[in-house]
Structures are given as C-alpha cells and as structure tokens.
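A.B. asks:
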Amino acid sequence: MSPIDDTFLSGSMDSTIRLWDLRSPNCHGVMHVSGRPTAAFDPEGLIFAAGINSESVKLYDLRSFDKGPFATFKLGMETSGCIWTGLQFSSDGKALLITTNGTHIRLVDAFKGSHLHTLAVIPNTDRQTLHASFTPDSQFVLIGSPDGVVHIWSVETGVRVASLPGYEAATQLPNAAIHSLAFNPRFAMLATGSNQTSFWLPALEE
Numbered sequence: 001m002s003p004i005d006d007t008f009l010s011g012s013m014d015s016t017i018r019l020w021d022l023r024s025p026n027c028h029g030v031m032h033v034s035g036r037p038t039a040a041f042d043p044e045g046l047i048f049a050a051g052i053n054s055e056s057v058k059l060y061d062l063r064s065f066d067k068g069p070f071a072t073f074k075l076g077m078e079t080s081g082c083i084w085t086g087l088q089f090s091s092d093g094k095a096l097l098i099t100t101n102g103t104h105i106r107l108v109d110a111f112k113g114s115h116l117h118t119l120a121v122i123p124n125t126d127r128q129t130l131h132a133s134f135t136p137d138s139q140f141v142l143i144g145s146p147d148g149v150v151h152i153w154s155v156e157t158g159v160r161v162a163s164l165p166g167y168e169a170a171t172q173l174p175n176a177a178i179h180s181l182a183f184n185p186r187f188a189m190l191a192t193g194s195n196q197t198s199f200w201l202p203a204l205e206e
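Counting in the UniProt record's numbering, the sequence shown runs from 1 upward without gaps.
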C-alpha cells in the first residue's frame, strides 16, 4: 500500500506486478517479470522495489516504471524450495526486509543492495511464510515463527535481542504458528495473527 495515497501493488503467480487504485476495479499498470514477484513502496511513495525470481531486487520510479528499473541488485539464489514471500522498507528508507518461506529472512541496504544480515529462525520444516515487521524507529525487526514465538532482532548488529513467547493458552492450541505480524506505525503496540489475534504492549515498570 502506498504511504501517500490509495494506490497499492500486487505480485502474482502469473508473473506480473500490477499497480492498483482502491477507487477503481481495474489495474492502472502492469509489469511482466520472471518468476513469482513481490513488491513494496518506499516510505515516500515515489519508488517501489520488486523482488524477482527470489534472487534479485529491482528499484523503479513510480512515475516512469514503464522505462525499466533504475537499479538492480543481484542477491543470489536461495536454497532449493525457499522463495521470497514479501518485501518491506524500513520507515527511514535505509533498509529492505526480504521475507521467505525458509529458515531465515534477509536485511539488505536499500541504497547499495549490499547484504546486511541474515536473520535465522528455527527450522521451518513445513515451509510456512515467515512474517516480519520493522519497528517504527527502524531499529528492530520482529519475526513471527512457526512455534508461536516473536523474535526481535537488532537492525544495526543483526543480533537477536529478545524472544517473546505467546501466552500459554494460545501456545497449547493446534497450529500456534504466527501467520501475520504488524507493528503499529505510531504507538508501541504489536499485533500478531495465528489461531487467535493477539495484541502486544510493552511491560511498564511500576
């Protein structure tokens, strides 16, 4: 979703990236690419990134995307069976988060395309999509794992700084894996979705 208006991007199994407007049932632009694409707007809503074939990221100017990308970053192929499932810019626009259905996610420099960190999660034998989100200050990445735990990583160091287990009643239910995760852009609140929707708030000392 664009941060400045009602347009949004979709990446489809038919190897297309489409530009849409919520006010219209028809797409406003289409790009044909190779493989299963993912896409995301930058924080200014002027540039978007496209993840192509789970091996490269291309940057496009929204005003002239039909002319092709102005930058291409080759990141290398993933291991067999591992595909990219999403892209997300940090709020300061400096880092790009690449989620997968494997055992890790990637952090990439959004300007140079250089590899910053690989954030490894527990074995993901069922190839579930790993959902992740930046905190609003761009300092941390939160990842939902197949075992229902939220892992928190430092963007600067790539070190895991905390793990937040789900509340006991939820973890005892079948399929406790976290399937969706998002951080409130303005307040210190996290939402996760698994077999139940949960809202998280920081613990405040008395």
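Beta carbons are placed, not taken as given, at the ideal position from N, Cα and C, and that holds for glycine.
#1: Could you tell me the distance, in whole angstroms, from the CA atom of residue 69 to the CA atom of residue 203?
#2: If residue 85 and residue 100 are in contact, beta carbons under 8 Å, what's the gap, nearest whole angstrom?
#3: Would residue 17 and residue 37 qualify as a contact pair, given that the criterion is a beta-carbon distance under 7 Å?
#4: For residue 165, count neighbouring C-beta atoms within 10 Å of its own C-beta (all shown protein chains included) and say buried if the count is 16 or more, exposed if not.
#5: Counting Cβ pairs, one atom from each stretch, are 3 or more of them under 8 Å apart for the stretch 154-162 and the stretch 177-185?
#6: Could you check where the beta strand (DSSP E) with residue 51 kicks off and where it finishes?
#7: Within its chain, find whatever has a CB closer than 6 Å to the CB of residue 11; leave out the 5 residues flanking it on each side and keep chain order.
#8: Confirm, please, whether the CB-CB distance from residue 199 to residue 191 is below 7 Å.
#9: Use the C-beta contact count for residue 30: other C-beta atoms within 10 angstroms, 16 or more gives buried, fewer gives exposed.
#10: In the DSSP output, what is residue 117 paired with across the bridge?
#11: What I want to know is whether the C-beta of residue 107 ends up closer than 6 Å to one or more non-hydrogen atoms of the ligand MG.
#12: Note down the Cα distance separating residue 78 from residue 130, rounded to an integer number of angstroms.
#13: To which residues of the same chain is residue 152 closer than 6 Å at the C-beta, ignoring the five residues directly before and after it?
#14: Label residue 111 either buried or exposed according to how many other C-beta atoms from any shown protein chain fall within 10 Å of its C-beta, with 16 as the threshold for buried.
#15: Below 6 Å CB to CB, which residues in the same chain sit around residue 71 once its five sequence neighbours on both sides are set aside?
#16: Shortest alpha-carbon distance to residue 7 belongs to which of 42, 33, 52, 32?
#17: What is the residue span of the beta strand (DSSP E) that residue 58 lies within?
#18: Do residue 83 and residue 54 have their C-beta atoms within less than 7 Å of each other?
#19: What's the C-alpha gap between residue 5 and residue 19?
#20: Using a threshold of 7 Å, state whether the C-beta atoms of residue 183 and residue 133 are closer than that.
C.D. replies: Answer, in terms of the structure:
#1: By 1-based counting over the sequence shown, the position of residue 69 is 69. By 1-based counting over the sequence shown, the position of residue 203 is 203. Their backbone Cα atoms lie some 44 Å apart in a straight line.
#2: As a first step, residue 85 must be located in the sequence shown, where it is residue number 85. As a first step, residue 100 must be located in the sequence shown, where it is residue number 100. Yes, they are in contact, since the Cβ atoms of residue 85 and residue 100 sit about 6 Å apart, within 8 Å.
#3: Counting from 1 along the sequence shown, the entry for residue 17 is found at position 17. Counting from 1 along the sequence shown, the entry for residue 37 is found at position 37. Yes.
#4: Position 165 of the sequence shown, counting from 1, holds the residue named residue 165. So residue 165 counts as exposed.
#5: no
#6: Stepping through the sequence shown from its first residue, residue 51 is reached at position 51. Taken as a continuous stretch (DSSP letters only), the beta strand (DSSP E) holding residue 51 covers 47-52.
#7: Indexing the sequence shown from 1 puts residue 11 at position 11. 17, 37, 38, 39.
#8: As a first step, residue 191 must be located in the sequence shown, where it is residue number 191. As a first step, residue 199 must be located in the sequence shown, where it is residue number 199. Yes, the Cβ-Cβ distance between residue 191 and residue 199 is below 7 Å.
#9: Position 30 of the sequence shown, counted from the start, is the residue given in the question as residue 30. Counting Cβ neighbours within 10 Å, residue 30 comes out exposed, since fewer than 16 surround it.
#10: Position 117 of the sequence shown, counted from the first residue, corresponds to residue 117. According to DSSP, which records beta bridges pairwise, residue 117 is partnered with 107.
#11: As for the ligand MG, it is missing from this structure, which has no ligand bound.
#12: Taking the first residue of the sequence shown as position 1, residue 78 is located at position 78. Taking the first residue of the sequence shown as position 1, residue 130 is located at position 130. If you take the alpha carbons of residue 78 and residue 130, they lie about 15 Å apart.
#13: Position 152 of the sequence shown, counted from the first residue, corresponds to residue 152. Excluding sequence neighbours, residue 152 sits near 140, 142, 161, 162.
#14: For the purposes of this step, residue 111 is identified with residue 111 of the sequence shown, where counting begins at 1. By the 10 Å Cβ count, residue 111 comes out exposed.
#15: Counted from its first residue, the sequence shown places residue 71 at position 71. Excluding residues within five positions, the ones whose Cβ falls inside 6 Å are 59.
#16: Along the sequence shown, read from residue 1 onward, the residue named residue 7 stands at position 7. For residue 7, the nearest C-alpha among the options comes from 42.
#17: Start at 1 with the first residue of the sequence shown, and residue 58 comes out as number 58. Element bounds for residue 58: 56-61.
#18: Start at 1 with the first residue of the sequence shown, and residue 83 comes out as number 83. Start at 1 with the first residue of the sequence shown, and residue 54 comes out as number 54. Going by C-beta atoms, residue 83 is nearer than 7 Å to residue 54.
#19: If you number the sequence shown from 1, residue 5 lands on position 5. If you number the sequence shown from 1, residue 19 lands on position 19. So the two alpha carbons sit approximately 12 Å from each other.
#20: One-based indexing of the sequence shown puts residue 183 at position 183. One-based indexing of the sequence shown puts residue 133 at position 133. Going by C-beta atoms, residue 183 is nearer than 7 Å to residue 133.
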